[in-house]
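>
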Amino acid sequence: MLINRETVPISNMLNPEYNFYAHKKTEENLKRSKDETIAEHTERCVYHFKNIVKEKGLEAVFSNFEKKWLDGCGSEELELFWDMLLNTITFHDIGKLNPLFQKDKMKNSQFSRERGRIEFGSQHSLISAVFYLEYYLPKSKSYAKEIRNQFRLLTYVNAYIISRHHSSLEQLDNFISDFFLKEDYKDKWEIIVSEFGKFLTKEADFMKEGYGKRVRTELEKCCPKDGEGSILLYAYEKLLYSLLIASDYYATTEYSDEYILDSHGTLEDMSYIIESYGKSMVMQNIRAYQQGEKKEGKIRTEDEKAGESWWEERNMNILRSELFLEAERELIRNKEERIFYLEAPTGSGKSNTALNLSFRLMELCTEMKKLWYIYPFNTLVEQNMHSLEKIFGQDQDILKQIRVVNSITPIGTIYSNKMYTKESGTKENEQELNEYVKALLDRQFFHYPITLSTHVTLFDILFGGRRESGFGFYQIANSVIILDEVQSYRNEIWTEIIHFLKVFAEALNMKIIIMSATLPDLDRLSLEQTKAVRLIKDRERYFKHPVFKNRVELRYDLLKIQEVEEQLTKYIKEYLNDGKKVLVEFLYKTSADNFFRQICCDADVTCKVRLMTGDDNSMERNNILKELEEEPDETGFLLIATQVIEAGVDIQNMDVGFKNISMLDSEEQFMGRINRSCLKEGIVYIFRLDEPRTIYGRDVRLEKALTLDSPKMRDVLTQKSFAVFYEEVFNKIQQINRSLDVKKNLQEFWEQTGRLNQQEVSERMYLINEDERQVPVFLAREIRVSEDEVLKGKEVWMAYEELLQEKNLKYAEMKVRQSIIQSQMSYFIYHIKKGIPIAYNRQVGEIYYIEDGEQYFDNGKLDRKKLENQSEIL
1 MLINRETVPI SNMLNPEYNF YAHKKTEENL KRSKDETIAE HTERCVYHFK
51 NIVKEKGLEA VFSNFEKKWL DGCGSEELEL FWDMLLNTIT FHDIGKLNPL
101 FQKDKMKNSQ FSRERGRIEF GSQHSLISAV FYLEYYLPKS KSYAKEIRNQ
151 FRLLTYVNAY IISRHHSSLE QLDNFISDFF LKEDYKDKWE IIVSEFGKFL
201 TKEADFMKEG YGKRVRTELE KCCPKDGEGS ILLYAYEKLL YSLLIASDYY
251 ATTEYSDEYI LDSHGTLEDM SYIIESYGKS MVMQNIRAYQ QGEKKEGKIR
301 TEDEKAGESW WEERNMNILR SELFLEAERE LIRNKEERIF YLEAPTGSGK
351 SNTALNLSFR LMELCTEMKK LWYIYPFNTL VEQNMHSLEK IFGQDQDILK
401 QIRVVNSITP IGTIYSNKMY TKESGTKENE QELNEYVKAL LDRQFFHYPI
451 TLSTHVTLFD ILFGGRRESG FGFYQIANSV IILDEVQSYR NEIWTEIIHF
501 LKVFAEALNM KIIIMSATLP DLDRLSLEQT KAVRLIKDRE RYFKHPVFKN
551 RVELRYDLLK IQEVEEQLTK YIKEYLNDGK KVLVEFLYKT SADNFFRQIC
601 CDADVTCKVR LMTGDDNSME RNNILKELEE EPDETGFLLI ATQVIEAGVD
651 IQNMDVGFKN ISMLDSEEQF MGRINRSCLK EGIVYIFRLD EPRTIYGRDV
701 RLEKALTLDS PKMRDVLTQK SFAVFYEEVF NKIQQINRSL DVKKNLQEFW
751 EQTGRLNQQE VSERMYLINE DERQVPVFLA REIRVSEDEV LKGKEVWMAY
801 EELLQEKNLK YAEMKVRQSI IQSQMSYFIY HIKKGIPIAY NRQVGEIYYI
851 EDGEQYFDNG KLDRKKLENQ SEIL
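Structural data, given as structure tokens:
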């Protein structure tokens, strides 16, 4: 419907006596290519649009919108829907006929005497939107009222997208009320018709009708108000906006950099990946167990899993294999569904199970084009990338299709370590520049078949209003997403999240697996929507199995003590003297740091003591974990940490844990760090020192009745009956949803979503509070990143400043090199609260540079007191 459809011939609308340019080559490249006309650019954009639609299978996605909105309509109405869709691309730059755009931006000599109009200046997007409206609004005027209103809304939305294709999305209702329902539209239409008329042919006579100025559409009568309808319109807007800016960007890059994109990162064939995955040791053991059970007829029935032999089983790998195979069977049985819940105990092989499920979905549902693995923290992203590297070993054909996308991973290119030279014109140099262009496009538009990233990245794609946020939205259609630890989101938006995910999955042909050891039943917050599929039908068989349930004993005697530090220290020292591996988690970095320095000065503690906080980079964390892993059994080891230890840190052999009380699901996550092998007897003590609300804010899970202060919640945690806990959490969330406060009321939010109020959506769905942002400080020192390499902070900073001052680099190479240097800078950057005076040498942007950073470190750890107690500028 889209691929073979003819576009509106806008070139026939432009007076052939004039040359209308869309882009102009920079001076040094004029010898290689001429200026690009509007017609040429439009042709390129349409080509890239159709190419994306074909490769990503998006016709089926747009058919979903058609069925939802136009079910029962005739062929004429359906044809109009598809025609409007395609020609949003066609019309997006016709406004560049603006004489001031041609004169000022294109330096077009044919327009050197044009004075233009101040109302437009040299802009073009709004003019393009007017052309689109005048062309398409009359086409639905004869339709029945309900269908006409639907088409008018879509016409406005498409025109609004055109008007914003060089900027961020804002609000549709502002576009309509401020532009159309006032004299503004009429004035601009009259300028186009009267003063731009000489640049148009008879093919553009539809502009003379002025139909748009006669239409009076009340937005509240057209826009949906319910959750599903609002999200559906929002998804359509985001998808078409993403496709327009992507097609425009690809076309512009093709012209300006002479680089033609050949792939959008689609997984065409999963068979060789699945075959390689099946050869891994873990998978061979699971399949061997599966085949052995089949041969001996030992596959456990549902009744047998409830029998004594099941509960007496002590081989953890058998339990893991059973859970793996049960989840796989349920997925295959329900492959047509969209949302899946994988709830599995800590240590049950959940990550590997989810990996297998994602591969199965790609294999069973051939329309799926991409895999996303989304985690709450960068540490988890790194850990799972390492796991994939172990599984696929040296198979570069597979590994090159997998990419980590986050704030600390550089954009990859084979030329990334080469020094820039000003030589140009050679074949090698052109190849190098193309490599930079490709690397940047791949990163900006997620041209990776398999992407590992964070919740923050995914939420920016789904809910961010910036133009750059829209680049990757089209990539989530026809994709499989593994969403880990969803309960880590602010529970104020759990209802919104599950509603968005369910509508997105249905409309955009997505498959989403939501997994956690403490997975809330989010269906309780979306009762009117289709239920998700539970891949483990009876969770109790695993959660209450002695191997998982009794792995760790909880103790609360420290919770009763007000001044707990002395008794906490006493308990820890006793366990260390017994040769135990001890993990202590505080909520504040300062508390962890103070305790670390105190215990290091204690003569009674002779074992290794290490500190791990959010200040540590991946290299420092890995070094600590390697030390811990290599430490002999029955040898004491003390690891002091913050919440960074709860997820994304692969600790195998801790015996005893001490944790500051916070939220119940966090307590379970921490317990998962203790006695992971289930070969010993694990113990966890809960104490109170740091105030959780300082970290978690208004989270309802911090109410006393929902924490381990409550005997009921202690029983919930012991019995792993998290449904009891979440039922009470859901009740409180639903009270918030019904709040009279318009900023909290759910129905009000759905109405704002239906009005395409992007600012409201972005503010509501944020994951990181902007008020919590801190000031970055670069502490220059020398860091050994490997046995052979020492990274010198001063040199990294100088390279950063030099790069910022470089004026001769192409945009793509500049962005790639920035990402590389910023990755190196992450080893030296720490964050302190805004407003704290610090002694610094230089400031570039928001980053403060301190040349002698070593003075603020003690035993390899940042001494924040030294840093934050300085107040003069060096």
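Residue numbers for the sequence shown follow UniProt numbering, beginning at 1 and rising by one. From the three backbone atoms N, C-alpha and C, an ideal C-beta is built for every residue, glycine too.
Between Lys807 and Tyr685, what straight-line distance do the alpha-carbon atoms span, to the nearest angstrom?
Whole-angstrom Cα-Cα distance: 58 Å.
> To which residues of the same chain is Val157 closer than 6 Å at the C-beta, ignoring the five residues directly before and after it?
Correct list, in chain order: Glu237.
> For His23, does the three-state DSSP call read helix, strand or coil?
Strand.
> Just how far apart, CA to CA, sit Lys589 and Leu342?
The straight-line gap from Cα to Cα measures roughly 33 Å.
> Which residue's Cα is closest to the Cα of Glu203: Asp397, Cys222, Tyr135, Lys792?
Out of Asp397, Cys222, Tyr135, Lys792, Tyr135 has the C-alpha closest to the C-alpha of Glu203.
> Quick check on DSSP: helix, strand or coil for residue 875?
Outside the displayed range of the chain (1 to 874) lies residue 875, so it cannot be described from this structure.
> Considering only residues of the same chain and omitting the five flanking positions on each side of Ser424, which have a CB-CB separation below 6 Å?
Any reading at Ser424 must be qualified, since the residue scores a pLDDT of 35, below 50, and its modelled position is unreliable; no value is offered.
> If you check the beta carbons only, do Phe504 and Ala235 fall under 8 Å apart?
The answer is yes: Cβ separation under 8 Å.
> Going by DSSP, name the residue or residues bridged to Pro776.
His831, per the DSSP bridge assignment.
> Which class does Glu631 belong to by DSSP, given the choice of helix, strand or coil?
If DSSP states are grouped into helix, strand and coil, Glu631 belongs with coil.
> Quick check: Asn478 and Glu367, are their CB atoms within less than 8 Å of each other?
Going by C-beta atoms, Asn478 is nearer than 8 Å to Glu367.
> In chain order, which continuous runs of the alpha helix (DSSP H) of length 4 or greater are located wholly inside the stretch 525-597?
The stretch 525-597 contains these whole alpha helix (DSSP H) runs: 540-543, 546-549, 565-577.
> Run the CB neighbour count on Gly754, radius 10 Å, all protein chains shown included, and call it buried at 16 or more, exposed below.
Buried, by the Cβ-count rule.
> Taking one C-beta from the stretch 671-686 and one from the stretch 355-372 each time, how about it: are there three or more such pairs within less than 8 Å?
No: the two stretches stay apart, fewer than three of their Cβ pairs being nearer than 8 Å.
> Report the rounded CA-to-CA distance for Met349 versus Glu485, giving the unit in angstroms.
Checking the displayed sequence, the identity of residue 349 turns out to be Gly instead of Met. Their backbone Cα atoms lie some 15 Å apart in a straight line.
> My assumption, with CB atoms under 8 Å, is that Asn737 sits in contact with Thr495. Please give the rounded CB distance.
Right, their Cβ atoms sit about 6 Å apart.
> From Ile783 to Asn731, what does the alpha carbon distance come to, in whole angstroms?
Each residue's Cα considered, the two are about 50 Å apart.
> Please report how far the alpha carbon of Met671 lies from the alpha carbon of Gly657, in whole angstroms.
Spanning the two alpha carbons is a distance of roughly 8 Å.
> Report all residues from its chain with a CB closer than 6 Å to the CB of Leu169; omit the five preceding and five following residues, and keep chain order.
Gly465, Gln758, listed in sequence order.
> What residues in its chain sit with their C-beta under 6 Å from that of Tyr132, if we drop five residues either side in the sequence?
Here the set comprises Phe91, Ala159, Ile162.
> From Asn317 to Leu639, what distance separates their C-alpha atoms?
Taking the straight line joining both Cα atoms gives about 28 Å.
> Indicate, with yes or no, if the ligand ATP has a heavy atom lying under 7 Å from the CB of His831.
No copy of the ligand ATP appears in this structure; indeed no ligand is present at all.
> Give the secondary structure of Gly853 by DSSP, where H, G and I count as helix, E and B as strand, and everything else as coil.
If DSSP states are grouped into helix, strand and coil, Gly853 belongs with the helices.
> Could you round the C-beta distance between Leu559 and Leu568 to whole angstroms and report it? I think they count as a contact, below 8 Å.
Rounded, the Cβ-Cβ distance is 11 Å, inconsistent with contact.
> Excluding the 5 residues flanking Thr816 on each side, which residues of the same chain have their C-beta closer than 6 Å to its C-beta?
Residue identity check: residue 816 is Val in the sequence provided, not Thr. Closer than 6 Å at the Cβ level, and outside the excluded window around Val816, lie Ile411, Thr413, Tyr436, Ala439, Leu440.
> Just how far apart, CA to CA, sit Gln598 and Asn577?
About 17 Å.
> Look up Arg214 in the DSSP assignment and give the residues it is bridged to.
Per DSSP, none; premise fails for Arg214.
> By Cβ distance, which residues of its chain are closer than 7 Å to Val406, with the 5 residues on each side in sequence left out?
This sequence places Asn at residue 406; Val is not what is there. So the qualifying residues of the chain are Asn378, Val381, Ser453, Thr454, Thr457.
> Assuming contact is defined by CB atoms lying nearer than 8 Å, are Phe111 and Gln102 in contact in what I supplied?
Contact: yes.
> If you count every other CB in all the chains shown that lies within 10 Å of the CB of Asn87, and 16 or more means buried, which is it?
Buried, since its Cβ has 16 or more Cβ neighbours within 10 Å.
> Mind checking who Trp797 pairs with in its DSSP beta bridge?
According to DSSP, Trp797 bridges with nothing at all.
> Return the chain-ordered ranges of every beta strand (DSSP E) run that is complete within the stretch 378-404 and spans a minimum of 3 residues.
List check, beta strand (DSSP E) in window: 402-404.
> Rounded to whole angstroms, what's the CA-CA distance from Glu872 to Gly835? Just pull it up for me.
With a pLDDT of 43 at Glu872, under the threshold of 50, the modelled position of this residue cannot be trusted, and the question is left open.
> Please report the Cβ distance between Leu717 and Leu664, rounded to the nearest whole angstrom; I am assuming they are in contact, meaning their Cβ atoms lie under 8 Å.
That belief holds up - the Cβ atoms of Leu717 and Leu664 are roughly 6 Å apart, short of 8 Å.
> Tell me the DSSP secondary structure of Glu790 in three-state form.
Inspection of the sequence shows that residue 790 is occupied by Val rather than by Glu. Three-state DSSP puts Val790 in a strand.
> With the cut-off set at 8 Å, would you say Leu708 and Met654 are in Cβ contact?
Taking 8 Å as the Cβ cut-off, Leu708 and Met654 do not qualify as a contacting pair.
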